[in-house]
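Protein chains: 2
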Amino acid sequence: MTYTDLAQGIESITPANGLKEKLELAKKENRPLIIKFGMDPTAPDLHLGHAVGLKKIRQFLDAGHEIHLIVGNFTALVGDPSGRNSTRPPLTPEEVQRNAETYVSQLSKIFDTSKIHIHYNNDWLGQMSFADVLKLLSKATLSQMMQREDFRNRYENNVPVALHELIYPLIQGYDSVAIKSDIEFGGRDQLLNCLFGKSLQESLGMDGQIVLTMPLLCGMDGHIKMSKSKGNYIGLTEHPNDMYGKTMSIPDFLIPEWVELTTDWTPAEKADAVADFKNGTTNPMEIKKKIAFNIVKQYHSEADAIAAEAFFYKQVQQKGFDTKEFKEVLWADVAPTGSIGLVDLGAKLLEQSKSNIRRLIEGGAVSINGEKTGDINLTLSNDGSEIQLKLGKRGFFTLK
Amino acid sequence: MTYTDLAQGIESITPANGLKEKLELAKKENRPLIIKFGMDPTAPDLHLGHAVGLKKIRQFLDAGHEIHLIVGNFTALVGDPSGRNSTRPPLTPEEVQRNAETYVSQLSKIFDTSKIHIHYNNDWLGQMSFADVLKLLSKATLSQMMQREDFRNRYENNVPVALHELIYPLIQGYDSVAIKSDIEFGGRDQLLNCLFGKSLQESLGMDGQIVLTMPLLCGMDGHIKMSKSKGNYIGLTEHPNDMYGKTMSIPDFLIPEWVELTTDWTPAEKADAVADFKNGTTNPMEIKKKIAFNIVKQYHSEADAIAAEAFFYKQVQQKGFDTKEFKEVLWADVAPTGSIGLVDLGAKLLEQSKSNIRRLIEGGAVSINGEKTGDINLTLSNDGSEIQLKLGKRGFFTLK
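Written as C-alpha cells, this is what we have:
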C-alpha cells in the first residue's frame, strides 16, 4: 500500500511530514508501526462516525502495521471523584470488561479483531505511586494545558476546572509512552490530547508519535457531528431496516459528505456519485438509496441490503405518507382521562424515553394534523375529533 | 493559660474567631488541640526568625495541647522531578533522617522535644496510588490554586508553572487531613497553603483547621525578613560571641521589632525598653546590648551571655575598628603564585563557602584599602605593598 493510499482521506497529519517519515522508518528498521487508538469504556457504542477512523485504521492493519487498542479503564474505574458529574460514576471491573467486549464485537464489523492488541491502561496507571505521578506532572506546564480551549474558557469565565480534569490529557498521553506508539488516531477535538502523548514521549527520550485525525461525520440532522447523545447517529449493529431508513432521512446537502465518509466505494465511484448529485443528473433520492444500500451491505450483507431496500420501498416510498399508513390508537388505551401531555403520549407510542420525544419535538419532527409543533409542554385533549400525529420519520398515528 | 495570653503576638488568626472556638471545643470535649507545624527537610537550619513561631508553639505545649511536627520528606525524596531546579535534587532517606535530627536538636533550644509528635509525610503520601491522587486533585480547582500570587504572575507572564508545582499546596494540605490538625502554624507567605489544608479537611467532612501566622522578623540588614539564603540571620546554635556581635550590628530602627520578637521579656519589660528607645532616654547601643545579652541567655546560658558581652566589649567596642585589629596574612600562605581571586581568598580567610563570599561582596560588605568593591571577579596580585581587606563585619586582614 502506497503513502498516497494511506494518507487519502486523513484530515490532518501532525507534524505534516510525519507519516512519510514514520513509514520510511518502519521500512528502514524492517518493523511494523505501532498504531494507537483509544476506547472510553463508559461509552462502548460505535456508530458510522467512529467507522470513518476505524476504516482508515483497517488500511494500516492491511498494510502490516500493528493496531493497539487502549481501553481507558483507569479513569473509568475512578469515575469522577469530585462527584460533580453524576453521569460519570465509577464502573466496576465487570462493567468495564462487558463494555470492552461489546466494543470489540462491534469493531469486528470493520476488521479482524483477533489481529489487534488490546491494552487496559489501569495495568500501568494503576501501578503508579504518588511520586511517579509527580514525575509525570513535572513534564507539563499549566500553559500547555491551557492551550485547550475548553479549560481556558472555563477558567476565564469562572467555571470551575477541578485539578483532576486538568491532568486527564497527561493520563491519555502516558498511554503512548507505555505502548511506545508511532501513530495515534484521534478525533479532531482530541488533537491537543494526542500531542501531549507526543511531547511526553519526547521528554522521556523516545521518538514522538505522530497524530492523525479523521474528518467528523455529520449526523442525520445535518447540523452537528454524529453522536449518541444527540440521537443523530446510526449504530454499527443497528437493524438493516433502521440503517437504511435513517440514511434515507439525511438532508440532500449531506450527500457528498456521506458518499465520501460512509461508503466503501472507490475514489472514482465516489467522484461519479458526487458529480451526479451536483449536476442534478440523478435524483438525490436515488443516490441516497445507493448510499443506504452500501452501508447495510458493509455492516450486514448484500442480502440484508436488498431486503432493507425492499422494506423501505414497501413501507415508505411506494405507499407514501398517507393516512392509510397511520396506525389507529384509542384514547381509552393511552389516556383514559381523555387528556395527556404530548411528551408522555409520544413516549408511550414510540416506546422511547421522554427525553428522546422532547428532542423530536424541539427538532421540529413532530406534527399534529399536519402542523409542526415545537411545544414540549403541549397537552392533548379528547374533543371527539380525530387527531393525526406524526412523531419523527416513521411514527404515524391517528388518535380516536 | 488564657485566650489573651495565647493570642498575644499572633499576627493573624483565620478565621478570626477560630482560636476562641477551638479552645472552647477542646474544653468541651476535654481533649488537647492538635497543633501542626511543618519542616522542610532540605533546609534544616533554624534561626531567630523561626523562633518567633516556635516560642508561640511552646506556649500551646505548656497549655497542654499536642504539638505535631510534619517532616515533609515526601517531596524531599522526590526532589524537583522536572530537573529545572538544580538546587532541589532528591534527598536520600539517610539525608532526610540526618536533617530531621539536626532540626529537632535545634528545636530543643526552645522546648522539650520529647513531648512533641513527629510525623514523616511520606508515610501516608508514599502509600497513595494514582487513583487516590485523582481523588485528592478533585477537591481543588484551578482558580483556587491561582489565588497564589506567584502562580498567577508566572502564568500571566509566560513563566512556566509545571503541574507538579501547581499541586504542591494540596500535598501540604493533605498532611492536615492525615493528622486531623486543629491549628496550623505557618509563615505569612504560607497562609494560602494552610487554608488548602482547611478546605481539604472540610471537603472530607472533618472540622477544618484554623491557621495562625506569626510576624516575620527582619534580618540584621534591616531590609528583608531573616533568611538563611540572604545571609542576614542568627542561627539558634551559633556561637554566643557571634549571636551577640550580630545582634549589636542591627540598625537602630529595628530595636522595637527585635525587642518584641526576639527577647523573652514580659510585655511590661518590652514596653519599657521600647519607650526608652523612643524617648531617647537610653542610648540605642545600651538597649541592643540588653537584647543581645537576652538572646544569648535564651539559646545558651547566662554565663555565656556574660562572656559574650565581655568578648564584644574587648574585641570591638573598647579597641575600635583600627588597624591594630587587622590580622596579618602572608601572600606565601594564601597565594604562593602571588595572585588570587578575591572570592577564593575570602573563602580561605573566613573558612566559608565561595557563595557566601560572593554574597558578601555583592552585598557591599567587602572593602580593599578602605574602598568598597562589588566585583566578584576581582583578582588580587602581590605588588609588594600591603593590602588591607575587610570581609563583612568582623573579618579584618592585612595581606603582606
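Protein sequences appear in the order of chains A and B. First residue of the first sequence: 2, per the numbering used here; consecutive thereafter. First residue of the second sequence: 2, per the numbering used here; consecutive thereafter. Even for Gly, the Cβ is constructed at its ideal location relative to N, Cα and C. Only a predicted model underlies this, so the values are computations on that prediction, with no experimental measurement involved.
By DSSP, does residue i sit in helix, in strand, or in coil?
{"i": "phenylalanine 131(B)", "result": "helix"}
{"i": "aspartate 323(B)", "result": "Note that aspartate 323(B) has pLDDT 47, beneath the 50 cutoff, so the model's placement of it is unreliable and the number below is only indicative. Aspartate 323(B): coil per DSSP, three-state reduction."}
{"i": "lysine 140(A)", "result": "coil"}
{"i": "isoleucine 235(A)", "result": "coil"}
{"i": "histidine 120(B)", "result": "strand"}
{"i": "serine 368(A)", "result": "strand"}
{"i": "histidine 48(A)", "result": "strand"}
{"i": "isoleucine 388(B)", "result": "strand"}
{"i": "isoleucine 35(B)", "result": "strand"}
{"i": "alanine 416(B)", "result": "Absent from the structure is residue 416(B), since the part of chain B shown begins at 2 and ends at 401."}
{"i": "lysine 110(B)", "result": "coil"}
{"i": "alanine 336(A)", "result": "coil"}
{"i": "lysine 21(A)", "result": "helix"}
{"i": "glycine 10(A)", "result": "coil"}
{"i": "serine 356(A)", "result": "helix"}
{"i": "leucine 192(B)", "result": "helix"}
{"i": "threonine 248(A)", "result": "helix"}
{"i": "aspartate 305(B)", "result": "helix"}
{"i": "glutamine 148(A)", "result": "coil"}
{"i": "tryptophan 125(B)", "result": "helix"}
Mind listing the chain A neighbours of residue i? Cutoff is C-beta to C-beta under 8 Å, in chain order.
{"i": "alanine 141(B)", "result": "Ala163 and Leu164"}
{"i": "tyrosine 104(B)", "result": "Here the premise fails: no neighbours, minimum Cβ distance about 22 Å."}
{"i": "tyrosine 234(B)", "result": "Ordered by position in chain A, no residue passes the 8 Å Cβ test against tyrosine 234(B), which lies about 30 Å from the chain."}
{"i": "tyrosine 121(B)", "result": "Correct list: empty, because the minimum Cβ distance to chain A is about 14 Å."}
When DSSP builds the beta bridges, which residues end up paired with residue i?
{"i": "lysine 328(A)", "result": "Phe398(A)"}
{"i": "valine 212(B)", "result": "Thr15(B) and Glu185(B)"}
{"i": "methionine 40(B)", "result": "Val72(B)"}
{"i": "isoleucine 341(A)", "result": "Leu381(A)"}
{"i": "lysine 373(B)", "result": "Ser368(B)"}
{"i": "lysine 226(B)", "result": "Cys219(B)"}
{"i": "alanine 179(B)", "result": "Paired residues: none, contrary to the question."}
{"i": "alanine 163(B)", "result": "Thr142(A)"}
Taking residue i as the reference, give the member of the options with the closest Cα.
{"i": "isoleucine 58(B)", "options": "Glu329(B), Tyr245(B), Ile369(B) and Ile184(B)", "result": "Ile184(B)"}
{"i": "valine 53(B)", "options": "Lys291(B), Phe197(B) and Leu218(B)", "result": "Leu218(B)"}
{"i": "proline 161(B)", "options": "Tyr169(A), Ala141(A) and Ala333(A)", "result": "Ala141(A)"}
{"i": "asparagine 16(A)", "options": "Gln210(A), Asn159(A), Asn31(A) and His120(A)", "result": "Note that residue 16(A) is proline in the sequence shown here, rather than asparagine. Of Gln210(A), Asn159(A), Asn31(A) and His120(A), the residue nearest in Cα terms is Gln210(A)."}
{"i": "isoleucine 296(A)", "options": "Met286(A), Leu255(A), Pro257(A) and Thr248(A)", "result": "Thr248(A)"}
{"i": "glycine 223(B)", "options": "Gln202(B), Pro257(B), Leu201(B) and Lys181(B)", "result": "Pro257(B)"}
{"i": "serine 182(A)", "options": "Ile235(A), Val212(A) and Glu287(A)", "result": "Val212(A)"}
{"i": "arginine 189(B)", "options": "Ser13(B), Leu392(B), Glu372(B) and Ala308(B)", "result": "Ser13(B)"}
{"i": "glutamine 299(B)", "options": "Leu138(B), Pro241(B) and Thr103(B)", "result": "Pro241(B)"}
{"i": "glycine 339(A)", "options": "Lys315(A), Thr238(A), Ile388(A) and Ser356(A)", "result": "Ile388(A)"}
{"i": "phenylalanine 254(B)", "options": "Asn284(B), Leu108(B) and Asn123(B)", "result": "Asn284(B)"}
{"i": "serine 139(B)", "options": "Phe186(A), Ser144(A), Gly80(A) and Asn158(A)", "result": "Gly80(A)"}
{"i": "methionine 215(A)", "options": "Val367(A), Trp125(A), Gly19(A) and Gly50(A)", "result": "Gly50(A)"}
{"i": "leucine 171(B)", "options": "Glu157(B), Gln145(B) and Gly187(B)", "result": "Gln145(B)"}
{"i": "alanine 8(B)", "options": "Leu361(B), His48(B), Ser354(B) and Phe61(B)", "result": "Phe61(B)"}
Could you name the residues of chain A that residue i contacts, counting a contact when the two beta carbons are closer than 9 Å?
{"i": "lysine 28(B)", "result": "Under the 9 Å cutoff, chain A gives no residues; its nearest Cβ is about 35 Å from lysine 28(B)."}
{"i": "glycine 127(B)", "result": "Ser130, Phe131 and Ala132"}
{"i": "asparagine 159(B)", "result": "Ser144"}
Which residues of chain A have a Cβ atom closer than 7 Å to the Cβ of residue i, listed in chain order?
{"i": "threonine 134(B)", "result": "Checking the sequence shown, residue 134(B) turns out to be valine, not threonine. Ordered by position in chain A, the residues that pass the 7 Å Cβ test against valine 134(B) are Phe131 and Val134."}
{"i": "valine 79(B)", "result": "Ala132 and Leu135"}
Taking C-beta pairs closer than 9 Å, name the residues in chain B that residue i reaches, listed in chain order.
{"i": "serine 177(A)", "result": "By Cβ distance, chain B contributes nothing, its closest Cβ being about 17 Å from serine 177(A), past 9 Å."}
Give the interface partners of residue i over in chain B, defined as CB-CB distance under 7 Å, in chain order.
{"i": "valine 367(A)", "result": "Simply none; closest approach about 41 Å."}
{"i": "leucine 167(A)", "result": "Leu143"}
{"i": "serine 83(A)", "result": "Ser139"}
Taking 6 Å as the cut-off, is the C-beta of residue i nearer than that to any heavy atom in the ligand SAM?
{"i": "isoleucine 11(B)", "result": "In terms of ligand content, the structure shown is empty, and the ligand SAM therefore cannot be addressed."}
Can at least three beta-carbon pairs, one atom from the stretch 229 to 248 of chain A and one from the stretch 163 to 174 of chain A, be found at a separation below 8 Å? no
Quick check: the stretch 331 to 338 of chain B against the stretch 263 to 276 of chain B, are there 3 or more CB pairs under 8 Å? no
Examine the Cβ distances between the stretch 118 to 135 of chain A and the stretch 165 to 181 of chain A and report whether three or more of them are shorter than 8 Å. yes
Under 8 Å: do the stretch 10 to 28 of chain B and the stretch 378 to 387 of chain A share three or more Cβ pairs, one atom per stretch? no
Count the C-beta pairs between the stretch 65 to 85 of chain B and the stretch 29 to 39 of chain B that are closer than 8 Å, then say yes if the count reaches three, no if not. yes
Spell out a yes or no on whether the stretch 339 to 348 of chain B and the stretch 302 to 317 of chain B are touching, meaning 3 or more CB-CB pairs, one atom from each, closer than 8 Å. no
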